[in-house]
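Working notes for the structure below.
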Amino acid sequence: MNALSQNRRGKLSGTPRNTSSLREVSQFVARTRRDFLRDAAGVALGSTLLRSSWARAAALPSRKKVVIVTFGGGARDQETFALEGQENIPHLMREFIPQATFFTQVVNRGILGHYVATASLATGVYETFNNFAAVAPQSPTVFEYFRKDLKRPSSDAWVVAPSNGFNRIGESSHRSYGAGLGARVILPKRLLTAATSGRRNDYQHLLRDNYETPYFAPELAGSEFELQQLEMILKLSVDDFKNHAQTLSSPDELSLYIARQLMRQVAPSLLWITMHDIDIAHAGAFSLYIDGIRRTDRLCSDLWKTIQSEPEYAGKTTLFILPDFGRDSDEDAGGNGFQHHRTGDALSRTTWMLVAGPGIREGVVFDRAVDSTDLVPTLGSMLGFVPSLAQGKPINELL
Amino acid sequence: MLPRDLKPGQFTGYPPEARKIVTNYLATLQQLPLSFVPSLLRELIDYDFKFPAERMAREKELARLSSLSGEELKTWFEGFAQIRLSPQLEEFDWIKAPAQFVERLSAHLWSTHQLDAFRKASNDYADRLRSAVPPERPSIPRLGIAVIGQGVALYDQPLFRRLRAHGAYFSGIKPENGMRQLLDAVAARAKAHPDPYAHWYIDGGEELDHAASLTCVSYKSLEPARAVLLHKMQSEIDRPGMGPEALRTLLAQMRPADLGMDRETTGKPRDEVLERFEVSLLTEGSGTQIFSTSFAQWAAREALRRAQSLTLLVRFAPRQRQKPMNELLSWAPARQEFDFIGSLVDADMGAYYNWLNQQRLPGAEQSSFLVWFEGHNQALAIGPSIPRGTESTSPADLEQVLAWTV
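Protein chains in written order, with the numbering used here: chain P, 1 to 399; chain E, 1001 to 1406.
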C-alpha cells in the first residue's frame, strides 16, 4: 500500500464519517449538533418556525449594521458543540444559543486554507488562489458590492484581520469592482510590529503570520492601515496602543481591542473580524488549542456586549459567527486529528453558523445544509445590495 | 514527461536499492497514471532508508501490480486516470523530485476541486490492494504504553476520558519504580522477539537507561539538531523570495549531516535509517521543533505508521510554556519555563492518538495498550482480556497490570 492509501486504515467507529459521502456525513454531524443543542439549551427546530416577511420587516431598524466574526481558524465538534466540548464554549452555549438562529450544517467545498477560505466567505465564490500568496480575491468581495451598490464611503466597511497574509482581503482584483471600492483593512499585529519597531526578536513568535507555516510572512502589498492612522482614525496614541497591548494575552484580544476602538470612533456598517488564536492547533499542543477555543468564545461574548452597549450598534446590528471550516477528524488516518485541516474530509468541511440580532429568530436551530458561499448573498438581501457574481443563495431563514 | 516514457537511465540519481527496485518494476510503472506514479516514487526514492515493514509493503505492492493484466491495471487506476493535471505538472521533473511534485499536485487538486475525486481514487486503490495483498500480521500482539504527566504534583480533572470506554481504569496503582517496570517489560519483549525496529522507546525529554535492543528516540538527544534546524529555517526565511513551498522543499532535502547529527560522537553506532527518521520528525512534523509533547506524539504516530512497531513505550515530558502576549511585550529576559498542566492535557490527548494509531495496524483486535499518570495511582489498560468500561480500585503495580493486559 503506498502513501496515498492511508485514509481507509482509520475505520474505527460506527459513525458514517469515513465510509459515506460528504452529504451523508454532514447531515450526521448536523443532526448530532442539533441534538446536543436541544438537550443543552432547549432550542427549537427551525423548520416549523418560519416567520412571515411582514413580521420581520416590522422588526427591522432603519439603518442596519452587520458584524461578521470568523471563529478562530477552525474548531471541531468534539471541542465545541458536542457534549464533551460544550465546557469550552460556555458563552456560545448559554448566552448566544438562546437568542440566536443556529445553522448546524455549513459546508465549505473550497480550499481549506485560512486566507483563501476567508476570501471565499467574503466573495461568495470558492476562490482558488494560493493560500500563502499576497494576492487579492479574484471575485468581488462583499465590501465592494456593499459600497458600490449602496454608495457607501470607504469608512463604512472594515476588516480586522490577524495576519499580514490577509492584507488584500478587502478588495478584489475584479475589473468591474476592485480598486477604491473595497474595505479598509487593519492588521493589528502589523500595527504592533510598527509600534514596537526594533524589538521584534523579543516577541517574534507572537508576530508570526500564521500557525500553519509559522516561518513565512508574505510581503505586504496593498492598502494596509498605517501606523500614523492609528491616531487619526482610532484616536489612539502609539504609546496608548503599546501599553494596552501589554495587558492582553493574545493576538485575537488585540484584534478585539482594535475592533472596539473602530466601532467607537468610526462605527462602520459592515465590520468583518477574523479571529485566529485557535489555529495554534497546528503546533500540535491540544491544551493550547483548547485555550484558544475558550478565549475565542469569551471574545465573541465581549464583542456582543460591545455591540449592545455602543449607541451606534445597539438594537440595529446583526452578528454572524462562523468558523471558516473545521479541522481533521480523529478517524481519518491521513491527518493527525485536531492538529491540521489538510485531509479535506467531511468533518473538516462541515461547520456551523450562529446569527443574532434584531429580526433574527431566537433559540432556533436549522439543520439543512447551508453552503459557505451563501453568506454573501444573505448579507446582500439583508443590507440591500446585489452580489451578482456570488455563487451561493440567500439563506431564507434569516430574511 | 509521462510514465510511459520512463527509462532505467533516468534513475541513476536514486540510491542503489531504490534504483534496483524501480528498474525491476519499470514496465509496470510505465502503465500507471501520472497522478499516481510520483507518490509511489516518493516512497521508493528513500527505499534504502526505509524500515523493514515499509520495504516489505512496497515490494508486495509492486509485485501485485506487476501481476495484473493491462485491463486489470486500467480498472485499478481508473479513478487516478480521470484526474486532470496541468501542463506544468506534466513538465515537472517528478522523477528527480517526486515529493515536490506531490506537494504541487496537492495544491492543484485543491484549486481544481478534484481533491474528493483523488481521495476516492486513493481509497478505492487501498481497498483493492488490501483485499489482494492482506497486510502482514504482527508476529506477536502489539503493546503500546503511554506515560503522561511527568512533573505534575496534583491534577483533579478526570484523565483518559476518551479511552475509558475501551478498557479498565485503575485508581490504586502503586507508582513506585513504575518507569523501571515498564522499561524492563518492553526490554523483555525485545529480547524475546528481536526483530529490527520492532520495539521502541520514545522519550519527550531525556531518555532513561534502557536496553540496547530498543530503538530509542528522545527529544533531549535531538536538542542540538533542533537548534541547527531552527537557525537554518530562520536564515532561509529572511532570504528574499523565500516562501512556504520553497521552505518545505528545502526541509525535505535535509539530511542528518545537515543538522549535525552524528550518532558516532555520542557513542552510538551509525544508523542512517533511524537518523533519517529523526530528521523527518523535525522537518515534516508540525510543532515538533518547539513542543516536546508534539514531538512525542508525532514520533509515536510515525513509528507506528512506518515501522509498524510491535512494542511502543512513549514517555511524554513537560513542554515549554507558551508565553502570552503581555509577557512577550514586557521584554523580560528569556527564561525557559515549563507548562506542566498543559503538557499533561497534551499528553492525555496524545495517548489517545497513540492508541488510535496502534488500532489502525493489522492485529488490532489482539493489541494491548496501557496509559499511566507518571508517579500517581491512575492508569488505564485496554486489551482483549480486559473488560471494557470497568474500574478497579485494588492496589496493583504496573507489572501486574501489564501481566493482566498483555
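Virtual Cβ for every residue (Gly too), placed ideally from N, Cα, C.
A quick note: this is a predicted structure, and the numbers were derived from the prediction, not measured.
What does K1174 (chain E) pair with, by DSSP beta-bridge criteria?
E:D1397
When the Cα of D252 (chain P) is compared with those of P:G180, P:G292, P:Q78, P:F146, which residue comes out closest?
P:G292
Looking at the C-beta of G337 (chain P), does it have a partner C-beta in chain E at a distance below 8 angstroms?
yes
Just to confirm my understanding: we take L1073 (chain E), look at its own chain, exclude 5 residues before and 5 after, and list those with CB closer than 6 angstroms. What are they?
Q1031
Pair every Cβ in the stretch 74-91 of chain P with every Cβ in the stretch 129-144 of chain P, then say whether three or more of these pairs are closer than 8 angstroms.
no
Using a Cβ-Cβ distance under 8 angstroms, would L236 (chain P) count as near chain E?
no
Short of 8 angstroms in beta carbon distance, which residues of its chain neighbour R1137 (chain E), apart from the five on each side in sequence? Order them along the chain.
P1362, G1363
Does DSSP put L1208 (chain E) in a helix, in a strand, or in coil?
coil
Can a CB atom of chain E be found closer than 8 angstroms to the CB of S462 (chain P)?
With chain P running from 1 to 399 in the structure shown, residue 462 (chain P) is simply not present.
Compare the C-beta of T128 (chain P) against all C-beta atoms of chain E and say whether one is closer than 8 angstroms.
yes
Drop a sphere of 10 angstroms on the beta-carbon of P90 (chain P), count the other beta-carbons inside from all chains shown, and report buried for 16 or more, exposed for fewer.
exposed
Exposure label - P1008 (chain E); buried when at least 16 CB within 10 Å:
exposed
Going by C-alpha to C-alpha distance, which of P:A117, P:D367, P:H276, P:I280 sits closest to L299 (chain P)?
P:H276
S154 (chain P): which of P:S163, P:E144, P:A134, P:V365 sits nearest, CA to CA?
P:E144
Tell me whether M1001 (chain E) is buried or exposed, calling it buried when 16 or more other Cβ atoms sit within 10 Å of its Cβ.
exposed
Looking at the structure shown, is G1144 (chain E) part of a helix, part of a strand, or coil, going by DSSP?
strand
Determine the direct distance from the alpha carbon of F1277 (chain E) to that of Y1219 (chain E), and round the result to whole angstroms.
13 angstroms
Straight-line gap, Y313 (chain P) to Q1157 (chain E) (C-alpha atoms, nearest Å)
41 angstroms
Taking Cβ positions, are R327 (chain P) and S348 (chain P) nearer each other than 8 angstroms?
yes
Buried or exposed: where does T373 (chain P) fall if 16 or more other Cβ atoms within 10 Å of its Cβ makes it buried?
buried
Indicate the three-state DSSP secondary structure (helix, strand or coil) for D1156 (chain E) in the structure shown.
coil
Does T111 (chain P) get closer than 8 angstroms to chain E when you measure Cβ to Cβ?
The sequence given here has Ile at residue 111 (chain P), not Thr. Judged by the 8 angstroms Cβ criterion, I111 (chain P) is in contact with chain E.
Under the assumption that A179 (chain P) contacts L227 (chain P) (Cβ atoms under 8 angstroms), give the Cβ distance between them as a whole number of angstroms.
Contact flag wrong, Cβ pair sits at about 23 angstroms.
At a cut of 8 angstroms, does the stretch 1160-1170 of chain E reach the stretch 1117-1134 of chain E through at least three beta carbon pairs?
no
Does the beta carbon of G344 (chain P) come closer than 8 angstroms to any beta carbon on chain E?
yes
Answer with buried or exposed for K1050 (chain E), where buried requires no fewer than 16 other C-beta atoms within 10 angstroms of its C-beta.
buried
Quick one, which of E:Y1353, E:E1391, E:S1394, E:V1273 has its alpha-carbon nearest P1052 (chain E)'s?
E:V1273
Which residues does DSSP pair with I68 (chain P) in a beta bridge?
P:W272, P:F320
If I follow the unbroken beta strand (DSSP E) through F366 (chain P), where does it start and stop?
364-366
Which of the three DSSP states is assigned to A183 (chain P) in this structure?
coil
Neighbour flag for R1388 (chain E) against chain P, beta carbons, 8 angstroms
no
Taking Cβ positions only, does R1164 (chain E) come closer than 8 angstroms to chain P?
no
Which residue comes first and which comes last in the alpha helix (DSSP H) that contains W1076 (chain E)?
1070-1076
Drop a sphere of 10 angstroms on the beta-carbon of G284 (chain P), count the other beta-carbons inside from all chains shown, and report buried for 16 or more, exposed for fewer.
buried
Is any beta-carbon of chain E found at less than 8 angstroms from that of H282 (chain P)?
yes
Please confirm whether D330 (chain P) has its beta-carbon closer than 8 angstroms to some beta-carbon of chain E.
yes
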